[in-house]
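Enquirer: Numbering (the working numbering), first residue to last: 577 to 1258. Note that the Cβ used here is the ideal one computed from N, Cα and C, for glycine as well.
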Ligand code: TC6
C-alpha cells in the first residue's frame, strides 16, 4: 500500500486512512493506496463495513493538478472507483477539511458520506478550466437534481457541510473533532440495521423528469452568458449534465470523458491550471530565508479615510483586527467612517451579513485626528495624496510617533518607496502595500520591497496578505511597480492607434472580444478624461476632448456620446477631435485593421513591458506579472495573463509585431524569442 495508506479493523469496521500531505491529492500513490486498501478490506471476512478517512488537514482535496497533461502512472481512477462502488460492503466517506473535485467524486462512489460541520464539499474543476471527469457530472445531478447541479458545478464554489446535508450531498454530520468515532458509529449502526448499499449511479428520480428538456440548458447558458464568456469549461459542463438526464449512466460517463478530454487539451484549461499554481507562487520569495520571524500584527493604523484608506481599513475589520483610522479634519473623518458603515449596511441589505456583524466591525474602528493616535499600532498603512513631499512629511512625522518595531507601509502606486523610507530613521521597517481599488474587493496586493526593507518586515507583509485574504505579488521599487507599469503601454498603444484609422469602437470591440470587460476608451470615459489626464502638461487627445467639456460619461460625452441612460454611441465630435489631433501630429491613416491586429498592437507592448520588468528584476517571476494583471486589471483568466499569452502566441511573433509597430522589443524578449524559449513554460 506504499507510504500513504494504512488499514486497521475496529469492531468489525475496516478503516482505510490516506495520509498524503499536503492535501491528500489523488496522485498515483493515493490511487494505489485506495486500490490496495479497499482490495484488502473487501477481502477480509472480519470486515462488515469500511470507513475511508484522511489524515492531516483535509479529506482528498482533488486530483493531483500537477499530474494533468503528463503520462498517467499507477492505477486508473475509474477502476478504483468501480471497486469501491460495486463492492459488497458499505463504504462510508468520513470528511473533514475539503472534499473537492476528485476528492468529492471519491466520496460520491462511497455508499454514504459523513462530515464534520466545518467540512466543505464541492466540484471546483471549472476553476481549472475542467469538468469533474470522474463521474461528478453524472452522479451529483442524481443527488441534487439538474438545476442545483448546474449551479454547483459551473459555480465551482465549495459548499459548507450543513448546506451540503440539506442538498443530500452528505448523509450525516459528525461531531466536530470526532469524525473517526462518528463515522465508525455510523458504520456500526448501518451494519446492525442491515442498511442498504446506496449506489448513487442507480438513482434516477432526480434526473428523469428532465429527459428531453433541452430548453433548460439553453436558458441556463443564456442567463449566464456574461459570466461564461470566453471560458470553455462551463459549456462542456452543461453538456455533461444534460447527458446525465439523457443517457444511461455508463453512456453518460463516456460522454463526460469525451467532454473532459476536450477541456484537458485546451489552451484555456492549461492557462487556468497554470494560474492556480501562479497564485500560490506569489508568496514565495526565493531569497527570503525559510523561517524568517514574522512580527505580530494586532492593531493597525490607516492614514487617510478616502476611498482607498476606507477600503484598506475594511480588510482588517473583516478579520477582526482593530484599526485606528486617521484623518486631518473631522469632516473628512466622519465622511470616511460613514462610507465604511454604508458599505457594510449595503452588504447586510443583500443578506450577506447580519446587522450585528455590521456593528461588530464598526466597533473595531477608532477614528482619530492626527498621527499621534498611531503610537500603539503594529502596522501603519499610509494612503494619503500621491505626492512625494506629502508622503515624506507623513513618514518623517510617523518616525517620531510609531512604536519601535512598528511596520510603516505606504500604499503608493508609483512613487519611489526608497525615497519615502529615507524620511525615516528606520528604512528597514518601511514596505509598500499597494492595494487596488476598491481595496476591500480586489484580491491583488503588491508588496513593494524597498532596498532596505528587512526580511522580517517582508515576511510579515506576506503574512498580512494571507490574513486579509489577498494574493500577494512582491515587487522591487520601480515606477508603477508591476501591474500599473505593464498595463500602461496598452493605453499608449490605444491612443496612438486611434490616430491611424481604427475608431474607439473598433479598438474597444477588439479588446472586449479578447476577453476584457471593457475597452480602453470606454474605460477612460467611465473613469473621466479629466481624471486620467490629470497632471500632464503635454497636449493629449484626452486633453483636447476635455477642452470641449467632454469629460466622459459624467458629462454626456468623451470618446463616445452618451444618452440619458448612459448608453454609448460613436461620436462625430470625438471623431473630428481625433482627426485634428492626428493631423497636428502628422499621423496618416493606415486604414482598417483586423481585430487580431488591433489586439496585437495593444497587447504585445504589455508583454514587452512585462519582459522589461523581469529583466530589471522588479518582478521575481513571469507568473507574478500574470497574477498582477489578472487580479489587478481583470486580464482574462483563460488566456493565463500577458506572459502566458505571449508564450501561447509565440515570442518571435510578438517581437515581429512590436517591430512592425515601431516599438523596440527589450533584450530579454528578443533573446527568448531567438532561443525558442518562453516565460512560463518550464
Ligand atoms: C480534479 O479533482 C479533477 C478531477 C477530474 C478527474 C480526474 N493538486 O491552497 P493551499 C497544493 S481537479 C496538487 O496553499 P489551503 C498547493 O499547490 C482538482 N497540489 O492550502 C500547495 O502547495 P505548496 C480539484 C495541490 O489550505 C499546497 O497544496 N480540486 C492541490 O489554503 C497547499 O495548498 C481543487 O481544485 C491539488 N489538487 O487550501 C482543489 N491542491 O504548499 C484545489 C492543493 O507547495 N485546492 N495543492 O504551495 C484548493 O482549493 C486548496 O489547495 C485547498 C487547501 C482548499 C485544498
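Excluding five sequence neighbours on each side, which residues of the same chain lie with their C-beta closer than 7 Å to the C-beta of residue 1118?
Expert: So the list reads 1100, 1105, 1108, 1109, once near-sequence residues are dropped.
Enquirer: Please say whether residue 786 and residue 735 have beta carbons closer to each other than 7 Å?
Expert: no
Enquirer: With three or more beta-carbon pairs closer than 8 Å as the criterion, would you say the segment 660 to 680 touches the segment 621 to 636?
Expert: Look at the beta carbons and you see the segment 660 to 680 touching the segment 621 to 636: at least three pairs across the two are nearer than 8 Å.
Enquirer: First and last residue of the beta strand (DSSP E) that includes residue 697?
Expert: 696 to 698
Enquirer: Under a three-way DSSP split, which group does residue 1006 fall into?
Expert: Strand at residue 1006.
Enquirer: Beta carbon of residue 599: closer than 6 Å to some heavy atom of the ligand TC6?
Expert: yes
Enquirer: Could you name the residues of the same chain whose beta carbon sits closer than 6 Å to that of residue 1255, not counting the 5 residues immediately before and after it, in chain order?
Expert: 1198, 1219, 1223
Enquirer: Along the chain, which unbroken stretches of the beta strand (DSSP E) at least 3 residues long are found entirely within the segment 1099 to 1174?
Expert: 1136 to 1138, 1144 to 1146
Enquirer: For a test of your reading of the model: does the CB of residue 674 fall under 6 Å from any non-hydrogen atom of the ligand TC6? Yes or no.
Expert: Residue 674 Cβ: within cutoff of the ligand TC6.
Enquirer: Determine the closest residue to residue 572 out of 892, 1066, 846, 1077, with distance taken between C-alpha atoms.
Expert: Any question about residue 572 goes unanswered here, given that the chain covers just 577 to 1258.
Enquirer: Taking 6 Å as the line, does the beta carbon of residue 809 fall inside it for any heavy atom of the ligand TC6?
Expert: no
Enquirer: Select from 1191, 997, 934, 1035 the residue whose C-alpha is nearest the C-alpha of residue 1058.
Expert: Of the candidates 1191, 997, 934, 1035, the one whose C-alpha sits nearest the C-alpha of residue 1058 is 1191.
Enquirer: Please confirm whether residue 639 and residue 677 have their CB atoms less than 7 Å apart.
Expert: yes
Enquirer: In chain order, what are the residue ranges of uninterrupted alpha helix (DSSP H) at least 4 long that sit wholly in the segment 754 to 779?
Expert: 755 to 769
Enquirer: May I have the straight-line CA-CA distance separating residue 983 from residue 960, to the nearest angstrom?
Expert: 17 Å
Enquirer: Within the continuous alpha helix (DSSP H) that includes residue 1070, where are the two ends?
Expert: 1059 to 1073
Enquirer: Indicate whether residue 695 and residue 737 have their beta-carbon atoms separated by less than 7 Å.
Expert: Between residue 695 and residue 737, the gap from beta carbon to beta carbon is short of 7 Å.
Enquirer: Do you know offhand how far residue 752's Cα is from residue 653's?
Expert: 30 Å
Enquirer: Suppose the cutoff is 8 Å on Cβ atoms and the five residues either side in sequence are ignored; what does the same chain contact list for residue 947 look like?
Expert: 879, 902, 970, 973, 974, 977
Enquirer: Anyone know if the C-beta pair for residue 893 and residue 937 falls short of 7 Å?
Expert: Going by C-beta atoms, residue 893 is nearer than 7 Å to residue 937.
Enquirer: Taking the alpha-carbon positions, what's the residue 923 to residue 897 distance?
Expert: 19 Å
Enquirer: Assuming residue 1086 contacts residue 1174 (C-beta within less than 8 Å), just tell me the rounded distance between them.
Expert: 4 Å
Enquirer: Between the segment 1004 to 1021 and the segment 1046 to 1060, do at least 3 Cβ pairs fall closer than 8 Å?
Expert: The segment 1004 to 1021 is in contact with the segment 1046 to 1060.
Enquirer: Classify residue 735 as helix, strand or coil using the three-state DSSP reduction.
Expert: Residue 735 falls in the strand class under three-state DSSP.
Enquirer: So within the segment 919 to 959, which uninterrupted alpha helix (DSSP H) runs reach at least 4 residues, ignoring any that extend past its ends?
Expert: Fully enclosed alpha helix (DSSP H) runs of 4 or longer: 931 to 938.
Enquirer: Would you mind sorting residue 966 into buried or exposed? The rule is 16 or more other CB atoms within 10 Å of its CB.
Expert: exposed
Enquirer: Is the number of C-beta pairs between the segment 866 to 878 and the segment 1035 to 1045 that are closer than 8 Å three or more?
Expert: Contact between the segment 866 to 878 and the segment 1035 to 1045 is present, because at least three Cβ pairs lie under 8 Å.
Enquirer: Quick one: residues in its chain with C-beta nearer than 7 Å to the C-beta of residue 1221, no 5 flanking neighbours on either side, listed in chain order?
Expert: 1215
Enquirer: Buried or exposed for residue 1150, please, with buried defined as at least 16 other CB atoms from any protein chain shown within 10 angstroms of its CB.
Expert: Flag for residue 1150 reads buried.
Enquirer: Which value, in whole angstroms, describes the spacing of the CA atoms of residue 874 and residue 615?
Expert: 52 Å
Enquirer: Which class does residue 912 belong to by DSSP, given the choice of helix, strand or coil?
Expert: Correct three-state label for residue 912: helix.
Enquirer: Within a Cβ cutoff of 6 Å, which residues of the same chain sit near residue 1081, ignoring the five residues on either side of it in sequence?
Expert: 1146
Enquirer: Can you tell me where the beta strand (DSSP E) with residue 897 in it begins and where it stops?
Expert: Where residue 897 is concerned, there is no enclosing beta strand (DSSP E), because DSSP gives it neither an H nor an E.
Enquirer: CB residue 839 to CB residue 706, shorter than 7 Å?
Expert: yes
Enquirer: Under the three-state reduction of DSSP, which class applies to residue 865: helix, strand or coil?
Expert: coil
Enquirer: By the DSSP assignment, the beta strand (DSSP E) with residue 634 in it spans what residues?
Expert: Per DSSP, residue 634 lies in no beta strand (DSSP E) and is assigned neither H nor E.
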